[in-house]
Every structure is written in C-alpha cells, then in structure tokens.
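Undergrad: Numbering (numbering that gives the first Met the number 0), first residue to last: 0 to 316. Below is the structure I would like to discuss, written out as structure tokens.
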Amino acid sequence: MPPTDSTPEAPTPKDPEGEPSPKRVAADESASEKKDVSTEKNLSKKDDAPEGGPAAELPHGSAPGIRFEKVVKRFGHNVVLRELDFTVEPGERVTLIGPSGSGKTTILRLLMTLETLNEGVIWIGDETLWHMERGGKRVPANQKHLHEMRKQVGMVFQQFNLFPNMNVLRNLTEGPVRVLGVSKDEAVERAKGLLEMVGLADKIDAHPTQLSGGQQQRVAIARALAMQPRVLLLDEVTSALDPELVVGVQDLLRDIARQSDLTLLCVTHEMAFAKDISDRVLMFDQGQIVEAGHPDQIFGEPAEQRTRDFLQAVLAS
Ligand SMILES: Nc1ncnc2c1ncn2[C@@H]1O[C@H](COP(=O)(O)OP(=O)(O)OP(=O)(O)O)[C@@H](O)[C@H]1O
Ligand SMILES: [Mg+2]
C-alpha cells in the first residue's frame, strides 16, 4: 500500500527545508565571484582541524547509507522509476548520471520526501523512510516518522531556493531553530562558522537578491549543512551558474566531500566534477541503473553501450 502523506513544497517557518519556488536574481554577478574563494584556506583538514574551527562545522561520525529496493515512482501513466534497486554505502560519495528526464531529480526528491513513493522501500541506514513498523507490520509512515527521518537528509537544489524574504543569517538559522530545536545563540554561532567556511562571512546581513548566483549557491550549501544532515543530496548545483562561477562552487563541494563523513548522492552533468568527487558512478536510464562502477571505469571503459552513447552525447554537447 502506498504511503498517503502529502508533503509540503513551499518553505514555511515550520518547514524551512521545503522547496521554495525558485527565485534566482543574479545581481552583482561580477567582482566578488570572479575573485574566487579559496576553500582550502577556509576549510581546515579533518585531521588537524582545531577545536571549534571551520571543519568542526562539517558533520562527522557514522553516516547512514541509502538503499532503494524495487522502488516504483509514477506520474500518472509515466513510470519514471521501475523497480529501482541501488545502494549507497555509509559515507560513500556517489554520482548519478543519465539523460535528461530520466528521473534523477525524482530519486533525490523521494529521499527528501518531496515526492511520494508508489511502491518499494527506501532505507536510510537501518530505518525505512516511507514506512514504519506497527505491530510487527510495515505500514506507511506517518508525518512524525517522515519528519524524524527527513532530519537526516539535506539537499542543495539547482536553483538555490533560498528563502527570499530572509537575510543570509536567517536562511541559516531558521531551520535549526524551528525544526531541530537548537537555541538561537547556538544557531547563530554555527551559521557564522559555516558562512566563514563558504567564504561569505561578510554577507551575513545580505538578502538573497543582493547576492550573485554563486554566492546564493554557497549560502544554500551552508544552509543545508546548518541542518547537520548525515546524507547530502546535490542536484545539478552548478548548472544554473554562469560558467566562471562554477569552479568555485565545485571546489567548495569537493572540499566538503573530502573533509566530512557525509553520505553524498550527487546528480550532475559535469563529468569532470563527477569523476573528481565520486567513489562510484551510477549510470541511470529508463527507470533503472544501467551500470555502476568506479569513475575511471565508467568514464574510461564503460561496459554498456547505453553508457557509451550517453557519455558521447554529453561530451559532444
Ligand atoms: N511533479 C511532476 N509531475 C509530473 N511529471 C513529473 C513531475 N516531476 C517529474 N516528472 C516527470 O518525471 C520524469 C523524470 O523527471 P526528473 O525531473 O526526475 O528527470 P531528471 O533526470 O532529473 O531530468 P533533468 O536531467 O532534465 O533534470 C520526467 O518525464 C518528468 O516530466
Ligand atoms: Mg533533474
């Protein structure tokens, strides 16, 4: 039986991790973005991070894995996921590649509980996301279960999706205070650390419209991390950016991936980035995983014709 809970799409103070309608205003695209932030400078290494230093802002400790078991997702007659099976190991960094419209975003949105599941089971660690146990039976999850599970997962969207009516500081503190019950002082301290880490400490009072696309995306990354997720989902996070802004955001994410223990599931068309950031790449098409392997194998010696065709098309574009 499919779960029936509806999930909110718009951010509200009660649901600040919801998905706001995109509002991208690329004001002031120039000066501050071209001078790229050296994230190496801002992120101290995992091993030698000083107590309370920037890397202390990154989640550490055992992260849960992800498992899709025979997951089916339909939009009307359009069957997007067809008994999809795949696993992301705890702390593993996995990139999903595949053609436009194949269902990559849908996979991430299911994990964020922004779409409902039709069939199958999704696991986060040893708990089911869309189901719960009642009297020894697996039943559709209630809102409380979804709310608890959802705390483990953060997502960065293609269109940033910052709360347009809040300044940068409130974008970062609203979720921790309202959803996690963190004290305001602690949330502010943490926000400051994260803004320093993403190179935007001086933008703490700015509103999203006063930031460039790259800056907005950095704030969005910091906002996702402020919720202290154990699983981070990245959906084409640089594809709405002007080309010269892409590298800075990718560098930041690469450093975060290397210096945290997060489980990472990333969707990207940027093959060099995918190669760089991933332990494993999954080629996805027609609702199923076509091929999975180390980035060197998938990009260097793909076993499946479908993967070869896809990579050829991407490289030609
Ligand atoms: N809310 C929705 N209602 C109806 N159909 C939807 C909805 N969301 C997605 N779809 C359909 O599901 C399919 C998969 O969409 P999805 O956005 O997951 O693809 P994608 O792989 O992320 O594509 P892209 O690479 O272009 O972002 C598409 O056919 C799309 O039209
Ligand atoms: Mg997509």
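Glycine is no exception: its CB is placed at the ideal position from the N, C-alpha and C atoms.
Report the rounded CA-to-CA distance for L251 versus A223, giving the unit in angstroms.
TA: Translated into the one-based positions of the sequence shown, residue 251 becomes position 252. Translated into the one-based positions of the sequence shown, residue 223 becomes position 224. Rounded to whole angstroms, L251 to A223 spans 14 Å at the Cα level.
Undergrad: Mind checking who G292 pairs with in its DSSP beta bridge?
TA: As a working mapping, residue 292 is identified with position 293 in the sequence shown. According to DSSP, which records beta bridges pairwise, G292 is partnered with V280.
Undergrad: Please classify E300 as buried or exposed, where buried requires at least 16 neighbouring CB atoms within 10 angstroms.
TA: For the purposes of this step, residue 300 is taken as the residue at position 301 of the sequence shown. Classification for E300: exposed.
Undergrad: So, is L264 buried or exposed, given that buried needs 16 or more other C-beta atoms within 10 angstroms?
TA: Locating residue 264 in the sequence shown gives position 265, counting from the first residue. L264 should be labelled buried.
Undergrad: Is the region 115-135 close to the region 303-312, with three or more CB pairs under 8 Å?
TA: No contact exists between the region 115-135 and the region 303-312.
Undergrad: May I have a chain-ordered list of the alpha helix (DSSP H) segments no shorter than 4 residues that lie completely inside the region 176-217?
TA: Fully enclosed alpha helix (DSSP H) runs of 4 or longer: 183-196.
Undergrad: Where does Q287 fall in DSSP's three states?
TA: Taking the sequence shown and counting its residues from 1, the one referred to as residue 287 is at position 288. Three-state result, Q287: strand.
Undergrad: With DSSP as the reference, label P301 as helix, strand or coil.
TA: For the purposes of this step, residue 301 is identified with residue 302 of the sequence shown, where counting begins at 1. P301: coil per DSSP, three-state reduction.
Undergrad: Assuming contact is defined by CB atoms lying nearer than 7 Å, are G97 and T262 in contact in what I supplied?
TA: As a working note, residue 97 is residue 98 in the sequence shown. As a working note, residue 262 is residue 263 in the sequence shown. Contact: no.
Undergrad: So I121 and L110 are supposed to be a Cβ contact under 8 Å. How far apart are they, rounded?
TA: Here residue 121 refers to the residue found at position 122 when the sequence shown is read from its first residue. Here residue 110 refers to the residue found at position 111 when the sequence shown is read from its first residue. About 7 Å; that satisfies the 8 Å criterion.
Undergrad: Are there 16 or more other CB atoms within 10 angstroms of the CB of P49, so buried, or fewer, so exposed?
TA: What you label residue 49 is simply residue 50 of the sequence shown in a count that begins at 1. Only weak support is given to the placement of P49: the predicted model assigns it a pLDDT of 39, under 50, and the value that follows is read from those uncertain coordinates. Its Cβ having fewer than 16 others within 10 Å, P49 is exposed.
Undergrad: Distance, Cα to Cα, G359 vs V266?
TA: Residue numbering for the chain in the displayed model covers 0 to 316; residue 359 lies beyond these limits and cannot be assessed.
Undergrad: Closer than 6 Å by C-beta to A256: which residues in its own chain qualify, once you throw out the five before and the five after it? Chain order, please.
TA: Against the sequence shown, residue 256 aligns to sequence position 257. Only R92, L263, I276 meet the Cβ criterion.
Undergrad: Thinking just about the alpha-carbon of each residue, which of E132, K136, V155 is nearest to the one in L145?
TA: For the purposes of this step, residue 145 is identified with residue 146 of the sequence shown, where counting begins at 1. Minimum Cα distance to L145 is reached at E132.
Undergrad: Would you tell me roughly how many angstroms separate the C-alpha atoms of G247 and L232, rounded to the nearest one?
TA: Translated into positions along the sequence shown, residue 247 becomes position 248. Translated into positions along the sequence shown, residue 232 becomes position 233. Each residue's Cα considered, the two are about 18 Å apart.
Undergrad: Can you determine whether any heavy atom of ligand 2 sits closer than 6 Å to the C-beta of K103, and answer yes or no?
TA: Indexing the sequence shown from 1 puts residue 103 at position 104. Answer for K103: yes, Cβ within range of ligand 2.
Undergrad: Output needed for A205: all residues of its chain with C-beta closer than 7 Å, excluding positions within five of it in sequence on either side, in chain order.
TA: Numbered from its first residue, the sequence shown carries residue 205 at position 206. If we look at A205 and ignore the five residues flanking it on each side, its Cβ neighbours are N166, V167.
Undergrad: Are the CB atoms of F85 and I288 nearer to each other than 7 Å?
TA: One-based indexing of the sequence shown puts residue 85 at position 86. One-based indexing of the sequence shown puts residue 288 at position 289. The answer is yes: Cβ separation under 7 Å.
Undergrad: Relative to the C-alpha of G213, which residue among K72, Q249, G192, T112 is closest?
TA: Mapped onto the sequence shown, residue 213 falls at position 214. The candidate whose alpha carbon is nearest that of G213 is Q249.
Undergrad: Excluding the 5 residues preceding and the 5 following V313 in the sequence, name in chain order all residues of the same chain whose CB lies nearer than 7 Å to its CB.
TA: On the sequence shown, position 314 is the one that residue 313 refers to. Same-chain partners within the cutoff: H268, M270.
Undergrad: Go ahead and label P294 buried or exposed: buried means 16 or more other beta carbons lie within 10 angstroms of its beta carbon, across all protein chains shown.
TA: By 1-based counting over the sequence shown, the position of residue 294 is 295. With 16 or more Cβ atoms within 10 Å of its Cβ, P294 is classed as buried.
Undergrad: What would DSSP say about F85, mapped onto helix, strand or coil?
TA: The residue labelled residue 85 in the question sits at position 86 within the sequence shown. Here F85 sits in strand by DSSP.
Undergrad: Hey, S238 and Q157 are a contact pair by Cβ (cut 8 Å); roughly how many whole angstroms apart?
TA: Taking the first residue of the sequence shown as 1, we reach residue 238 at position 239. Taking the first residue of the sequence shown as 1, we reach residue 157 at position 158. That pair is a contact at about 6 Å.
Undergrad: Could you give the distance in angstroms between the alpha-carbon of K197 and the alpha-carbon of L95?
TA: Locating residue 197 in the sequence shown gives position 198, counting from the first residue. Locating residue 95 in the sequence shown gives position 96, counting from the first residue. At residue 197 the sequence reads Val, which differs from the Lys that was named. If you take the alpha carbons of V197 and L95, they lie about 25 Å apart.
Undergrad: Considering just the uninterrupted stretch of the beta strand (DSSP E) at L264, what are its terminal residues?
TA: Taking the sequence shown and counting its residues from 1, one reaches residue 264 at position 265. Note, L264: beta strand (DSSP E), 262-266.
Undergrad: Could you check if K136 is buried or exposed, using at least 16 other CB atoms within 10 Å of its CB as the buried criterion?
TA: Position 137 of the sequence shown, counted from the start, is the residue given in the question as residue 136. Flag for K136 reads exposed.
Undergrad: Based on the DSSP secondary-structure assignment, which residues constitute the bridge partners of V93?
TA: Here residue 93 refers to the residue found at position 94 when the sequence shown is read from its first residue. Answer is L264, R279, bridged to V93.
Undergrad: Do S99 and ligand 1 come close, with the Cβ less than 6 Å from some heavy atom?
TA: Position 100 of the sequence shown holds residue 99. Under cutoff, so the answer is yes.
Undergrad: State the beta-bridge partners of F74 as determined by DSSP.
TA: Here residue 74 is taken as the residue at index 75 of the sequence shown, counted from 1. Paired residues: N77.
Undergrad: For V313, does the three-state DSSP call read helix, strand or coil?
TA: As a working note, residue 313 is residue 314 in the sequence shown. Helix.
Undergrad: Between F159 and the rest of its own chain, which residues show a CB-CB distance below 7 Å, the 5 nearest in sequence each way excluded?
TA: The count along the sequence shown starts at 1 and reaches residue 159 at position 160. Counting only Cβ-Cβ distances below 7 Å, and skipping sequence neighbours, we find R23, Q215, Q216, A219.
Undergrad: Whose C-beta lies closer than 6 Å to the C-beta of A62 among residues of the same chain, with five residues either side of it excluded?
TA: Here residue 62 refers to the residue found at position 63 of the sequence shown. Correct list, in chain order: P89, G90, R229, D260, L261, T262.
Undergrad: For ligand 1, I want to know if V79 counts as a neighbour, meaning its beta carbon is within less than 6 Å of at least one of the ligand's heavy atoms.
TA: For the purposes of this step, residue 79 is taken as the residue at position 80 of the sequence shown. Yes, since a heavy atom of ligand 1 falls inside the 6 Å radius drawn around the Cβ of V79.
Undergrad: DSSP state of K150, grouped into three classes?
TA: Mapped onto the sequence shown, residue 150 falls at position 151. In the structure shown, K150 sits in coil (DSSP, three-state: anything other than H, G, I, E or B).
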